[in-house]
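Protein chains: 2
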Amino acid sequence: MISSGDSMAQADDESVLRDTGTPRDTGTLGKLMVLLDLVTHADAPLRFTDILALANQPRGTLHRQLGHLVEEGLIELDAEGRYAPGLRLLDFASRSWARNEFRLIAAPHLAALHRRTGETVHLGVLRGSSIIYLDKVEGHQPVRMYSQIGNASPCYCTGVGKAALSILPSDKLRELLPSLRFTRFTPATHVNAETLLVEIGEIASAGHAFDREEHEAGICCVAAPIWSDDGSFIGGVSVTGPAYRLSMELLHEWAVPIQVTARKIMDEMRIRLGPRR
Amino acid sequence: MISSGDSMAQADDESVLRDTGTPRDTGTLGKLMVLLDLVTHADAPLRFTDILALANQPRGTLHRQLGHLVEEGLIELDAEGRYAPGLRLLDFASRSWARNEFRLIAAPHLAALHRRTGETVHLGVLRGSSIIYLDKVEGHQPVRMYSQIGNASPCYCTGVGKAALSILPSDKLRELLPSLRFTRFTPATHVNAETLLVEIGEIASAGHAFDREEHEAGICCVAAPIWSDDGSFIGGVSVTGPAYRLSMELLHEWAVPIQVTARKIMDEMRIRLGPRR
DNA sequence: GCTGTGAATTCCATTATTTGGAACTTAATT
DNA sequence: AATTAAGTTCCAAATAATGGAATTCACAGC
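Line order of the protein sequences matches chains D and C. Take 27 as the starting number for the first sequence in this note's numbering and just add one per residue. Take 27 as the starting number for the second sequence in this note's numbering and just add one per residue.
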């Protein structure tokens, strides 16, 4: 059974938010964030030795670093000596989400699009080479929002991601491409920049993008980009569902209402955030 | 109209997760986390000068610290030069939440309790002197989970918080009390340790706690504690709703099913996590 | 109960980063 | 154009992080 119609491939790509090619110049913080990434992106709690093997750090250094992260509540050390993500992260995130203006503006439009289509609607924003899902409107099931909201997925195999890439200025796109680490999630996943670029060109002229089971088998979607003129927001909105229910015809039919929704959100953002952006 | 029956007082207490009395020995990380706390707990995006006034740091130092936090995506600097919480926090948190064992074990029991009572059910865990809400089961409204999940509330004025305090060993309780900063949210809020301790004693013998509109006017709840023998989990489960609908009689009636739910969750945790705990 | 093995933790001289005051640049205001 | 405030950069001194080695701890096998 398909649980909710969105891609749940959460732990299958390492460290998507960290531009692994370009090590950041953030001193001590950067080193600690690498560790936090390791612990939060692992499939299960890690023991000291596991982290020692993954992080390239001497024992003494690693021990103190983990100690600091635990002390601050960013990771937690259980009674079996295993490190897991800390709950303090939830407090930070709930505030980050609650106040996000893009999400607040988009919310009613997502609801309307959900009423129109009856399928799951997602709002995502581009950060680095990942799409972070900011909101979701879903039908009937008791929603488990955290399972998708906040989740970072690769941009090259999601509808919202490809829509976002399609409106990126060409210099920004050229900058981003080398940082992509293509992973074949399904037979339809793009695995090189060439085929991806061809499709991005098509998306740019059409104004909407499809995900033809590229991130998760059996799941497809249609998406439209959302952006601000100054490039400070780049994201998109999508309608997602199981392939057996959503024919390509139906997805094509929805392309227009999705673009209209995207347009409405952009117009409102322009009013709220000032016309310069 | 009461939106969802749970307390939305999110930004009314400063830095609840940080034990302000005892400055942590976490070196550079600790100083950066103070800043992240400031930015995430503020009501609106802050400008450099605002943060300069709040943080006790020289200009040059603060500038570099904020730069590092921005570079890592923990906070974001908008086009107007204002600092806001960063979306990377969402990615960290979604993973922290998705894998949390306590929540996974409790989820079906929360759903059952919700069916039994028809009101909003919360799961919370004690961290420092705050309750962090881990999950929520709500009725009919389109749920906005992040608005409550992840939110940290004071322990002295919430049902789950007082229930948690009631099973704390007395030495731990004595340790925690001095760190409490009592804020009068409503006329019923405890504002000193004395009256709180009296009620905690009553809760300990009864096995359940009430929130009689102590955190938010018009909202009350009944809660039962959940704990592991080794003290590694201390939290609780609660049923919350508007006072006009939930008489004290009704809350008393629900005390038993809530304690049964708490017991079931504890039993299952003991099986899953090993009998020692 | 003793011993051996691997894991985790502590120690401290060396090294690298952070610090903070001041000078400087930029943006906004009169 | 002048004035003031806001934000940014610089660098010697102060502080914190580093990492190799020694120590302690946990536990399985004898």
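Just so it is clear, CB atoms sit at the ideal spot from N, CA and C, and this is done for glycine as well. Bear in mind that the values here come from a model prediction, so they are computed numbers and not experimental data.
Closest residue to D/A105 among D/S155, D/F74, D/R85 and D/F118 (Cα-Cα distance): Counting from one through the first sequence, the residue named residue 105 of chain D turns up at place 79. Ranking the options by Cα distance to D/A105, first place goes to D/F74.
Can you name the residues of chain C whose CB is closer than 9 angstroms to the CB of D/L191? For this step, residue 191 of chain D is matched to residue 165 along the first sequence. Here the premise fails: no neighbours, minimum Cβ distance about 18 angstroms.
Proximity test, Cβ basis, 7 angstroms: D/H94 and chain C: For the purposes of this step, residue 94 of chain D is taken as the residue at position 68 of the first sequence. For D/H94, the answer is yes, since a Cβ of chain C falls inside 7 angstroms of its Cβ.
Separation of D/I158 from C/F118, as counted between CA atoms: Position 92 of the second sequence holds residue 118 of chain C. Position 132 of the first sequence holds residue 158 of chain D. Roughly 11 angstroms between the two C-alpha positions.
In the region 186-211 of chain C, which residue ranges form an unbroken alpha helix (DSSP H) of at least 4 residues, counting only runs that do not cross its ends? 196-202
Quick check: the Cα distance between C/L10 and D/T87, rounded to an integer number of angstroms? Nothing about residue 10 of chain C can be read from this structure; chain C reaches only from 27 to 303.
Can you name the residues that DSSP bridges to D/C183? Taking the first sequence and counting its residues from 1, one reaches residue 183 of chain D at position 157. Answer is none; D/C183 lacks a bridge partner.
In terms of alpha-carbon separation, which member of C/Y182, C/D197 and C/A230 lies closest to C/A214? Taking the second sequence and counting its residues from 1, the one referred to as residue 214 of chain C is at position 188. The residue with the shortest Cα to Cα distance from C/A214 is C/Y182.
By the DSSP assignment, the alpha helix (DSSP H) with D/G233 in it spans what residues? For the purposes of this step, residue 233 of chain D is taken as residue 207 along the first sequence, with counting starting at 1. Segment: none, D/G233 is in no alpha helix (DSSP H) and carries neither H nor E.
Are the Cβ atoms of D/E239 and D/C246 separated by less than 7 angstroms? Residue mapping note: residue 239 of chain D aligns to position 213 of the first sequence, counting from 1. Residue mapping note: residue 246 of chain D aligns to position 220 of the first sequence, counting from 1. It is a contact, given that the beta carbons lie within the stated cut-off.
Anything in chain C within Cβ reach of D/W280, meaning under 8 angstroms, just list it in chain order. Translated into the one-based positions of the first sequence, residue 280 of chain D becomes position 254. Simply none; closest approach about 21 angstroms.
Is it buried or exposed, C/S179, if we count other Cβ atoms within 10 angstroms and call 16 or more buried? To locate residue 179 of chain C, count along the second sequence from 1; it is residue 153. Buried, since its Cβ has 16 or more Cβ neighbours within 10 Å.
C-beta contact flag for C/W280 and C/T66 at 7 angstroms: As a position in the second sequence, residue 280 of chain C is number 254, starting the count at 1. As a position in the second sequence, residue 66 of chain C is number 40, starting the count at 1. No, Cβ-Cβ distance for C/W280 and C/T66 is not below 7 angstroms.
Closest to D/L277 by CA distance: which of D/N82, D/R200, D/E145 and D/V60 is it? Counted from its first residue, the first sequence places residue 277 of chain D at position 251. Out of D/N82, D/R200, D/E145 and D/V60, D/E145 has the C-alpha closest to the C-alpha of D/L277.
Report the residues of the region 173-207 of chain C with a CB closer than 7 angstroms to any CB of chain D, ordered along the chain. S173, I175, G176, N177 and A178
Less than 7 angstroms between CB atoms is the rule here; does D/E97 satisfy it with respect to chain C? Taking the first residue of the first sequence as position 1, residue 97 of chain D is located at position 71. Yes, its Cβ sits closer than 7 angstroms to a Cβ of chain C.
Just to confirm the assignment: which complete alpha helix (DSSP H) runs, minimum length 4, are found wholly within the region 250-278 of chain C? none
C/L152 versus C/N177, C/H94, C/R108 and C/E294, residue with shortest Cα-Cα distance: Within the second sequence, the letter at position 126 stands for residue 152 of chain C. Closest by alpha carbon: C/N177.
Beta-carbon neighbours of D/M59, restricted to chain C and to distances below 7 angstroms: Position 33 of the first sequence, counted from the start, is the residue given in the question as residue 59 of chain D. Per Cβ cutoff of 7 angstroms: E98.
Does the beta carbon of C/I260 sit closer than 7 angstroms to a beta carbon anywhere in chain D? Reading the second sequence from its first residue, position 234 is the one you call residue 260 of chain C. It does not; no Cβ of chain D falls within 7 angstroms.
Please list the partners that D/V151 has in chain C, where partner means a Cβ-to-Cβ separation under 8 angstroms. Walking along the first sequence from the start, residue 151 of chain D turns up at place 125. By Cβ distance, chain C contributes L113.
CA-to-CA distance, C/T287 to C/S192, given in whole angstroms: As a position in the second sequence, residue 192 of chain C is number 166, starting the count at 1. As a position in the second sequence, residue 287 of chain C is number 261, starting the count at 1. Near 17 angstroms, if we compare the C-alpha coordinates of C/T287 and C/S192.
In chain C, which residues lie less than 7 angstroms from D/R210 when you measure between Cβ atoms? Taking the first sequence and counting its residues from 1, one reaches residue 210 of chain D at position 184. Neighbours of D/R210 on chain C: none; closest Cβ ~22 angstroms, over 7 angstroms.
Note down the Cα distance separating D/L55 from C/G99, rounded to an integer number of angstroms. Translated into the one-based positions of the first sequence, residue 55 of chain D becomes position 29. Translated into the one-based positions of the second sequence, residue 99 of chain C becomes position 73. For D/L55 and C/G99, the distance between alpha carbons rounds to 11 angstroms.
Using the beta-carbon count (16 or more within 10 Å), is C/S120 buried or exposed? In the second sequence, residue 120 of chain C corresponds to position 94, counting from 1. Looking at its Cβ environment, which holds 16 or more other Cβ atoms inside 10 Å, C/S120 is buried.
Give, in chain order, every residue of the region 236-255 of chain C whose Cβ lies closer than 9 angstroms to some Cβ of chain D. S254
What does D/G56 touch in chain C if you count any residue whose Cβ is under 9 angstroms from its own? For the purposes of this step, residue 56 of chain D is taken as residue 30 along the first sequence, with counting starting at 1. Going along chain C in sequence order, the residues near D/G56 (Cβ under 9 angstroms) are H94, E97 and E98.
Rounded to whole angstroms, what's the CA-CA distance from D/E127 to D/L222? Just pull it up for me. Here residue 127 of chain D corresponds to residue number 101 of the first sequence, with the count starting at 1. Here residue 222 of chain D corresponds to residue number 196 of the first sequence, with the count starting at 1. D/E127 and D/L222: Cα-Cα distance of roughly 31 angstroms.
Chain-ordered residues of the region 117-136 of chain C with a beta carbon less than 8 angstroms from chain D: D117, F118, A119, S120, R121, S122, W123, A124, R125 and N126
Contact with chain D by C/I284, beta-carbon distance below 7 angstroms: Translated into positions along the second sequence, residue 284 of chain C becomes position 258. So no, C/I284 is outside the interface.
Which same chain residues end up closer than 8 angstroms to C/Q285 when comparing Cβ atoms and leaving out the 5 residues on each side of it in sequence? Translated into positions along the second sequence, residue 285 of chain C becomes position 259. So the qualifying residues of the chain are G233, H234 and A250.
What are the complete beta strand (DSSP E) segments, minimum 3 residues, inside the region 82-156 of chain D? 101-103, 108-111 and 146-153
Could you tell me which chain D residues have their CB closer than 7 angstroms to the CB of C/S67, listed as they occur along the chain? Counted from its first residue, the second sequence places residue 67 of chain C at position 41. Note on identity: in this sequence residue 67 of chain C is His, with Ser being the wrong assignment. Chain D residues near C/H67: R121.
Taking D/V265 and D/L139 to be in contact with their CB atoms under 8 angstroms, please state how far apart those CB atoms are, rounded to whole angstroms. One-based indexing of the first sequence puts residue 265 of chain D at position 239. One-based indexing of the first sequence puts residue 139 of chain D at position 113. Correct: roughly 7 angstroms between the Cβ atoms.
Count the other CB atoms within 10 Å of the CB of C/H94; is the residue buried (16 or more) or exposed (fewer)? Counting from 1 along the second sequence, the entry for residue 94 of chain C is found at position 68. With 16 or more Cβ atoms within 10 Å of its Cβ, C/H94 is classed as buried.
Between C/L80 and the rest of its own chain, which residues show a CB-CB distance below 8 angstroms, the 5 nearest in sequence each way excluded? Within the second sequence, numbered from 1, the residue matching residue 80 of chain C stands at position 54. So the list reads L64 and L72, once near-sequence residues are dropped.
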